[in-house]
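These notes are about the structure you will find just below.
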Amino acid sequence: MITFESVTKRYPGGTVAVDRLDLTVPAGKTMVLVGPSGCGKTTTLRMINRLVEPTEGRILLDGRDIALSDPSSLRRGIGYVIQQTGLFPHRTVEDNIATVPLLNGWSKAKARGRSRELIDLVGLDPAMARRYPHQLSGGQQQRVGVARALAADPPVLLMDEPFSAVDPIVRASLQDELIRLQAELHKTVVLVTHDVEEAIKVGDQVAVFYPHGKIAQVDAPQQLLGAPADDYVENFLGFDRGIRRLGFFRADGLDLDTEAVLAEGTTIEQARQAAKRAGESWLLVTSAERLPRGWVALSDLESAPGQETLAGLKLAPYGHTFRVGADSLRAALDATVLSRTGRAVGVDDEGQVVGITSYDQLRAAIQAADEAVSRDAEPGRSRDAEPAPGAAGEGTRPS
Amino acid sequence: MSWAWANRAMLAHYLGQHLYLSLMPILFGTVIAVPLGIACVRWRWAWPPVLSLTSIFYALPSLALFLVLIDYTGLTDWTVIIPLTLFSMSVLVPNVVDGLRSVPDPVRQAAAAMGFGMLRRLIQVELPLAIPVVIAGLRVATVASISLVSVGQLIGIGGLGYLFTDGEQRDFPTEIYAGLVLLVALALAADAVLLVARRLLTPWERGRVRRGTRRVLAVAWLGSRTDAT
């Protein structure tokens, strides 16, 4: 656990970078410091490993004042990842990763072995071990930077804009990788970013900074999106925070309609009756294996001969699907908005239809989720429920 | 050619002397320049005065220094080695400083954040990364030193320079040409040795594009020509 107790950093000349900051970073969690440039977030981070010394106040690491520990040994227990990677250009990937173990007096063979483990852990090709940093892509270099920071298995990891220098696709994959690693390793991570989306994606807790070294709000991401402390935080979070917040609620809370789902072997006459019973103007037609085929409108059923089956009809594409067990309400809403029928298809992991949803069910599910949040201050969040942009229900587009 | 072959023992003697007189200053110059350069990076205020001083040494004509030194060191090798040491040092100090400053800031910062102490960071990170720039300076200093040794012949200690004065007095151009060929060969050989050394010492630089190599060679070549004739 890292605790800031009324910490101030004032530079000669009077600039106050950090102003009486109180902050607690719980052990094993990811705390994201986010704010505009010059807000003091990086200074705050660097005070943890004493690259910057506070002017006033104390910083405690697991209850001990860090000002009392030797800087070099303190730093060997704290991993550090920066935007420009800071990899040693004159050392191979494996030697870069082995840096802190070697400083700690490990044998060369043992340190090399540890390097190989980490190369594997961060998802790098083992063939990279003997390369020099300049022979790697930006994303690969950043993976090496993370591996180097983790090499001596420090309980604390500091990351200063770690993914800002890579392109958006690589950035997203590095963020996913961090979330995966953190689920496995449970480090106390402090990550600095100016990117709110990144903060919300990777943070267990997010600290939003005002421009001049004060914290505006510290909260879990869904609380931040649901109840910003003030106008500054609300503006900083940006557009459609309500929609983005739905990414934290699982779609399995939806009350899916199964009455309007019919196999293609059903006769048109049976389908007409089913539609009237369900009070639906659109029916979803599936294969015998319950894979989605497409939509048929009630008006088309009226004009078709009743003894034929649904298989013979021309169907409207069923659009994006969402996975009921894995996707979020945001993905379900996205699929619904994109569907020309105003309904979206929920499928299971095998792609078989579970049921369909419309705006009515979505509204009910969102209200239920809201009530659950206000009942329980800290609901379990589902990170993997965050849909990739524009890919709700991946790979299930009609052919 | 036949003259050179007949006098090969004499030529080898002067070549050996030339090598000794030109390389000792490089050795001493490096031994002084590296700690001085490190100090100038560590204590920024020291750099401007040191730079002025090295510029003065660089500008001083070696011949004048040879003549001044005779009173103190007599007609010994030191009379040539000391001025050339000062000259080499003044070429090398700026390169050591530039080399250390070329270490990217994030690299320095990452080293500190991983728990490197000041000395360990210098030895394991900063000096290795400064090697290419320092060796670029060594190449200039070495070639210049090789050509300047021949000026020492004006006080009687000049290695291959003897062949120029002797050839001129005896009106025997073959001897001058032989000296010139050996001098240029020596300069090119020394430069080649340094290039190989850089390649071996900096394996991470392979396949990376470096600027400035051509310029160094051209300057060295021009320098040896103007001084030797």
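Residue numbers (our numbering), protein chains in the order written: chain A, 12 to 410; chain B, 24 to 252. Glycine included, each C-beta is placed from N, C-alpha and C at the ideal position.
Chain-ordered neighbours of residue i on chain B, where CB pairs are closer than 7 Å
i: residue 99 of chain A; result: 130, 148
i: residue 143 of chain A; result: 227
i: residue 110 of chain A; result: 137
i: residue 83 of chain A; result: 138, 140
Any C-beta of chain A under 8 Å from that of residue i
i: residue 155 of chain B; result: no
i: residue 234 of chain B; result: Low confidence applies here, because residue 234 of chain B scores a pLDDT of 49, under 50, leaving its location unreliable; read the following figure in that light. It does not; no Cβ of chain A falls within 8 Å.
i: residue 140 of chain B; result: yes
i: residue 151 of chain B; result: yes
i: residue 248 of chain B; result: Only weak support exists for where residue 248 of chain B lies, its pLDDT of 46 falling under 50; the coordinates are left without a value.
8 Å Cβ cutoff, residue i in contact with chain B
i: residue 95 of chain A; result: yes
i: residue 175 of chain A; result: no
i: residue 246 of chain A; result: no
i: residue 48 of chain A; result: no
i: residue 17 of chain A; result: no
i: residue 86 of chain A; result: yes
i: residue 148 of chain A; result: no
i: residue 153 of chain A; result: no
Contact under 8 Å by Cβ, residue i with residue j
i: residue 203 of chain A; j: residue 44 of chain A; result: yes
i: residue 259 of chain A; j: residue 233 of chain A; result: yes
i: residue 277 of chain A; j: residue 319 of chain A; result: no
i: residue 169 of chain A; j: residue 89 of chain A; result: yes
i: residue 20 of chain A; j: residue 66 of chain A; result: yes
i: residue 85 of chain B; j: residue 110 of chain B; result: yes
i: residue 103 of chain B; j: residue 175 of chain B; result: yes
i: residue 298 of chain A; j: residue 330 of chain A; result: no
i: residue 190 of chain B; j: residue 44 of chain B; result: no
i: residue 157 of chain B; j: residue 119 of chain B; result: yes
i: residue 171 of chain A; j: residue 93 of chain A; result: yes
i: residue 60 of chain B; j: residue 142 of chain B; result: no
i: residue 347 of chain A; j: residue 354 of chain A; result: yes
i: residue 169 of chain B; j: residue 209 of chain B; result: yes
i: residue 295 of chain A; j: residue 262 of chain A; result: no
i: residue 103 of chain A; j: residue 159 of chain A; result: no
i: residue 161 of chain B; j: residue 126 of chain B; result: no
Under 7 Å by beta carbon: chain A residues contacting residue i
i: residue 133 of chain B; result: 91, 93, 97
Among the options, the one whose alpha carbon lies nearest that of residue i
i: residue 266 of chain A; options: A:336, A:198, A:193; result: A:336
i: residue 51 of chain B; options: B:164, B:36, B:130; result: B:164
i: residue 93 of chain B; options: B:49, B:105, B:225; result: B:105
i: residue 54 of chain B; options: B:108, B:166, B:185; result: B:108
i: residue 428 of chain A; options: A:274, A:253, A:140, A:166; result: The question about residue 428 of chain A has no answer here: the residues shown for chain A are numbered 12 through 410.
i: residue 100 of chain B; options: B:130, B:69, B:47; result: B:47
i: residue 309 of chain A; options: A:356, A:293, A:302; result: A:293
i: residue 72 of chain A; options: A:113, A:27, A:16; result: A:16
i: residue 364 of chain A; options: A:145, A:332, A:289, A:317; result: A:332
i: residue 125 of chain A; options: A:143, A:105, A:356, A:135; result: A:105
i: residue 188 of chain A; options: A:221, A:369, A:216, A:151; result: A:151
i: residue 301 of chain A; options: A:291, A:358, A:143; result: A:358
i: residue 22 of chain A; options: A:217, A:63, A:176; result: A:63
8 Å Cβ cut-off: residues of chain B touching residue i
i: residue 62 of chain A; result: 132, 135, 136
Closer than 8 Å to chain E by CB, residue i
i: residue 76 of chain B; result: This model lacks chain E altogether; the protein chains it does include are A and B.
Proximal residues of chain B, C-beta to C-beta of residue i below 9 Å
i: residue 114 of chain A; result: 137, 138, 139, 143
Heavy atom of the ligand NAP within 7 Å of residue i beta-carbon
i: residue 275 of chain A; result: Absence of the ligand NAP from the depicted structure is noted, as is the absence of any ligand whatsoever, leaving it without description.
Mind listing, in chain order, the continuous alpha helix (DSSP H) runs of no fewer than 4 residues lying wholly within the segment 71-142 of chain A? 82-87, 104-108, 110-114, 119-132
In the segment 146-189 of chain A, which residue ranges form an unbroken beta strand (DSSP E) of at least 3 residues, counting only runs that do not cross its ends? 167-171
Would you mind listing the beta strand (DSSP E) stretches within the segment 34-83 of chain B that are 3+ residues and don't spill past its ends, in chain order? none
Residue ranges of each beta strand (DSSP E) run of no fewer than 3 residues wholly in the segment 168-221 of chain B, ordered along the chain? none
Please give me, in chain order, every unbroken run of the beta strand (DSSP E) with length at least 3 that falls completely inside the segment 299-366 of chain A. 303-308, 332-334, 354-358
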